[in-house]
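Worksheet: the structure to be examined is printed underneath.
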Amino acid sequence: MDVEAIPELPTGAVELLHEQGIDSLYPPQAEAVEAGVTEGEHLVASVPTASGKTLIAQLAMLSAIDRGGTALYIVPLRALASEKAEEFAALEELGVDVGVSTGNYEASGEWLASKDLIVATSEKVDSLVRNGASWIEDLGCVVADEVHLIDDPERGPTLEVTLAKLRQLNPGAQLVALSATIDNADEIAQWLDAALVDTDWRPIELRMGVHFGDAAHFAPARGGDGEREQTEIPVGASDSATGAIVRDTLEEGGSTLVFVNSRRNAEAAAGRLGAVVEPELTPEERADLATLAEAVRDVSDTETSEDLANAVERGAAFHHAGLASEHRSLIEDAFRDRLVKVVSATPTLAAGVNTPSRRVVVRDWRRYDGTAGGMQPLPVLEVHQMMGRAGRPGRDPYGEALLLAKSHDELDELFERYVEADPEPVRSKLAAQPALRTHVLATVASGFARSRSELLSFLDETLYASQTAEAGRIERVVDEVLTYLERNDFLERDRGDLAATNLGHTVSRLYLDPMSAATIVDGIEHAVREAADAGSASAATPGADADGADASASTDASTADATPEAADGTSGGFQPASELVADRTGGSAARDPDEPDRSDVDVELTPLGLYHLVSRTPDMYELYLRSGDESTYSELCYERETELLGPQPTEYEEARFEDWLAALKTAKLLEDWTEELDEDTITNRYGVGPGDIRSKVDTAEWLLGATEEIVAELDLPVVDDVREARMRVEHGVKDDLLDLVGVRGVGRKRARRLFVAGIQDREALRQADKGVVLGALRGREATAESILENAGREDVEMEDVRAVEPEDAGELFPAESAASGGSATASDDADDDGDQSNLGDFS
651 MDVEAIPELP TGAVELLHEQ GIDSLYPPQA EAVEAGVTEG EHLVASVPTA
701 SGKTLIAQLA MLSAIDRGGT ALYIVPLRAL ASEKAEEFAA LEELGVDVGV
751 STGNYEASGE WLASKDLIVA TSEKVDSLVR NGASWIEDLG CVVADEVHLI
801 DDPERGPTLE VTLAKLRQLN PGAQLVALSA TIDNADEIAQ WLDAALVDTD
851 WRPIELRMGV HFGDAAHFAP ARGGDGEREQ TEIPVGASDS ATGAIVRDTL
901 EEGGSTLVFV NSRRNAEAAA GRLGAVVEPE LTPEERADLA TLAEAVRDVS
951 DTETSEDLAN AVERGAAFHH AGLASEHRSL IEDAFRDRLV KVVSATPTLA
1001 AGVNTPSRRV VVRDWRRYDG TAGGMQPLPV LEVHQMMGRA GRPGRDPYGE
1051 ALLLAKSHDE LDELFERYVE ADPEPVRSKL AAQPALRTHV LATVASGFAR
1101 SRSELLSFLD ETLYASQTAE AGRIERVVDE VLTYLERNDF LERDRGDLAA
1151 TNLGHTVSRL YLDPMSAATI VDGIEHAVRE AADAGSASAA TPGADADGAD
1201 ASASTDASTA DATPEAADGT SGGFQPASEL VADRTGGSAA RDPDEPDRSD
1251 VDVELTPLGL YHLVSRTPDM YELYLRSGDE STYSELCYER ETELLGPQPT
1301 EYEEARFEDW LAALKTAKLL EDWTEELDED TITNRYGVGP GDIRSKVDTA
1351 EWLLGATEEI VAELDLPVVD DVREARMRVE HGVKDDLLDL VGVRGVGRKR
1401 ARRLFVAGIQ DREALRQADK GVVLGALRGR EATAESILEN AGREDVEMED
1451 VRAVEPEDAG ELFPAESAAS GGSATASDDA DDDGDQSNLG DFS
């Protein structure tokens, strides 16, 4: 079908398609147009990677915008949102205003109301619905990309419920769902009342097979005689099979994407494969790669950054979730441009991000599964998603994807398990309690359901309801969740009616898992009770020593927090939020309306205690305990026991105590960050990447912000403590820098330099000698002028100002410099030579 034949496109759209080199449609795209995708008809497109799904979505969205509606494009990952927003920027030639939104789950996103096309993650769209974004009612077209991820236990339920809510809010909006090739695309189409385009057509041939011995064994071509085809790829005595494939691909002018099962394997493979690639590089490529390597080093001063830069200089790279987002973007762009010749990656790179290559090698087809207690085979759909990255239309004449076998038996097994197998059917994961816990509260709090019957009626519109054959299961799980939410004071039930409490509304708006909120409330209320009881004991027993009062209070609080007697006859001890459902008088998260006012109780929470508290929530992925960690963190646990919030489990409660220590390890990482340890020290100490640090910091900042609102809602006397802990983790500083880092452009490094130079707050910054400011900022005049302007200073010009070096600043401000002592060494500046030994001996 020629593009001129596409109906109901806006003026200029055909010309734009021609400019992009699109004169005619691929068969799946033509089939979608014939099914009415540009005329407002619902559609499910189950099409292989690189076969034109995005253009199908663009055609639908352009037509909907031309009819006066707004288009919403839902993606599973933030990185994919940014990529799609850049891709859709070309539509601005047609007057389409594109907006992207992925974070800040508390906002209603009203600024998006003026946009024609909005790109957002499913979590962000869910939060927008919860917070009442008015423009949702103006949607003319909703596109759900990677809709097969409804099968994912973590993200799937959010996408499923969000689509169900959007259909209820705006039944007239067109719905277009894009999926990889799956076994039951017809079920998805039936659920969405949509036409189906289901095909395995690709614009270039994808050959899938297995490498064994000195050859790649491929499935027979269509119309072949059924015999496996072979291509010779010999493996030298000093070669690995992966290295041999990479070398063979380079000789043909192609690139290779290698999937492995762990970060450590990805980094090790990149180091080895760089030795394969380097001899094949041209002088121009070496120069460009050296420039790229410096850009990688500039992202962070960590061993991971250095290892990545070293690999890049040789034409290789690794890619995993532990990298900083800037690292990932640099590598993805360079790989797409074929400057980096080989990337070893964990499966995160297969999740939608556009990184095609000539060949894909699935080196590791098993990965560790803690629930199974060992290595387990990857799902067929996941492996096919990886293999689908092979072959780039317009650049590659073909794509090849290979698994690796070490024996004839394994060769046959891999053909049967993956090459010749169909992907698994997509199944809803909504009925699991963790998913329903969050979405039931949100559904009630946002007004979608005001009774149990309305709630069940809403859930009846989900994919789960259309797939389940187990009568009564959803009702049983819903009733368990309602009991949990009621007993933790998130919902109120009056006969059949449901209503969210003020706390429940707050938790839903903040996009918290209710179990996270229950954990937070339980831990802080426990601390407040202990402080109140300690104060009462001191007042009742003049002269009693503090230790005795604390011990008495701890005993009483532990008893108060425990369920009086659980169904199995046990009682007392640490109670995770999952068990705070005992009964309304005994459950620790349920608040007694007759309880005395404790808003003026004298209680002080430390940052470590708060970091540990939020690290215990299901919204934080805590660090795991490595060999030797248990004794290390057990010792720390007892050293700082009084700071930790909530009843502590005993060592005899092995699973609970291990979770407690894992949360403590995560909290200690956050504390080290706020004590201004440099990234390299933190990454080495905890065995994480720079991206992991940023992820933990961002999550902690969000959870502490939510905690701040919750304690204010409950009138608990700890708002200031929580706010300080949040601000410190946000900026990564000690408390003496909090005022300085509030000035735009002053981060943790610059703030410490300014502080050491005697400039300790923004008022001092406004009044400081400009030479001292310039010296503290390493002579960067434009930076100094910008910071002074942001601080509210009028005379900011640095012309003819002589920078006063740090030693000169010490003479000008001897008291301040002496008082700062070792603070300068707490900076994570790469060019600071301070001794880090005084920054903490915990390793």
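In my numbering, each residue carries its 1-based index in the sequence shown increased by 650.
C-beta atoms are modelled at their ideal positions from N, C-alpha and C, and glycine is treated no differently.
Using DSSP's beta-bridge definition, name the partner residues of residue i.
i, result
"Pro1043", "According to DSSP, Pro1043 bridges with nothing at all."
"Thr906", "Val992 and Arg1009"
"His969", "Ala995"
"Val750", "Val769"
Just verifying my parser: in three-state terms, what is the DSSP assignment at residue i?
i, result
"Met1165", "helix"
"Asp652", "strand"
"Ala1216", "With a pLDDT of only 34 at Ala1216, under 50, the local geometry of the prediction cannot be trusted, and no value is derived from it."
"Gln670", "coil"
"Gly1154", "helix"
"Asp1479", "Per-residue confidence for Asp1479 stands at a pLDDT of 37, beneath the threshold of 50, marking its modelled position as unreliable; the derived number appears in the next sentence. Coil at Asp1479, not helix or strand."
"Gly1237", "Its pLDDT being 37, under 50, Gly1237 is placed unreliably by the model, and the measurement read from it follows with that caveat. Gly1237: coil per DSSP, three-state reduction."
"Arg857", "strand"
"Pro1027", "strand"
"Val793", "strand"
"Ile1437", "helix"
"Ala1081", "coil"
"Asp833", "coil"
"Glu1050", "strand"
"His977", "helix"
"Ala1071", "coil"
"Gln1410", "coil"
Under 9 Å between the Cβ atoms of residue i and residue j?
i, j, result
"Thr899", "Arg1009", "yes"
"Ser784", "Glu810", "no"
"Leu1091", "Val1127", "no"
"Leu1319", "Glu1293", "no"
"Gly1024", "Leu856", "no"
"Ile895", "His861", "yes"
"Val1454", "Gly1421", "yes"
"Thr720", "Leu666", "no"
"Pro698", "Asp850", "yes"
"Leu730", "Asp795", "yes"
"Val1094", "Ala1168", "no"
"Asp786", "Asn820", "The question names Asp, but residue 786 in the sequence shown is Ile. Yes. Within cutoff."
"Pro853", "Gly702", "yes"
"Ser1078", "Pro726", "no"
"Ala1350", "Met1448", "no"
"Leu980", "Asp938", "no"
If residue i sits next to residue j, beta carbons under 8 Å apart, how far is it from one beta carbon to the other, in whole angstroms?
i, j, result
"Phe1500", "Ala1022", "No statement about residue 1500 is possible, as the shown extent of the chain runs from 651 to 1493 and does not include it."
"Glu944", "Thr1333", "That belief does not hold up - the Cβ atoms of Glu944 and Thr1333 are roughly 20 Å apart, past 8 Å."
"Ala700", "Pro1164", "Their Cβ separation, rounded to whole angstroms, is 41 Å, which puts Ala700 and Pro1164 out of contact at 8 Å."
"Leu709", "Val792", "With 8 Å as the limit, Leu709 and Val792 do not qualify as a contact, their Cβ atoms being about 15 Å apart."
"Ala869", "Gly859", "6 Å"
"Leu1353", "Val1264", "4 Å"
"Asp747", "Lys765", "5 Å"
Can you list, in chain order, the residues of its chain whose CB lies under 6 Å from that of residue i, leaving out five sequence neighbours each side?
i, result
"Thr1433", "Leu1427"
"Leu705", "Gln679"
"Ala966", "Ala920, Leu923, Gly924, Val927 and Val992"
"Glu669", "none"
"Thr1357", "Ile1170 and Val1372"
"Leu1255", "Val1368 and Asp1371"
"Ala1051", "Met858, Val1010, Met1037 and Ala1040"
"Met651", "Leu675 and Ala680"
"Arg1017", "Asn911"
"Ile768", "Leu722, Gly749 and Leu762"
Using C-beta distances below 8 Å, list every residue in its chain close to residue i, excluding the 5 sequence neighbours before and after it, in chain order.
i, result
"Pro660", "Leu712, Ser713, Ile715, Asp716 and Leu744"
"Val664", "Val653, Glu654 and Ile656"
"Arg1123", "Ala1081"
Taking 7 Å as the limit between beta carbons, can you name the residues of its chain near residue i, skipping five residues before and five after?
i, result
"Thr812", "Ser772, Val775, Asp776 and Val779"
"Asp1411", "Asp1389 and Leu1390"
"Thr1282", "none"
"Ser950", "Ala974, Glu1329 and Pro1340"
For the ligand NAP, I want to know if residue i counts as a neighbour, meaning its beta carbon is within less than 8 Å of at least one of the ligand's heavy atoms.
i, result
"Val769", "Among the ligands in the structure shown, none appear at all, so the ligand NAP cannot be discussed."
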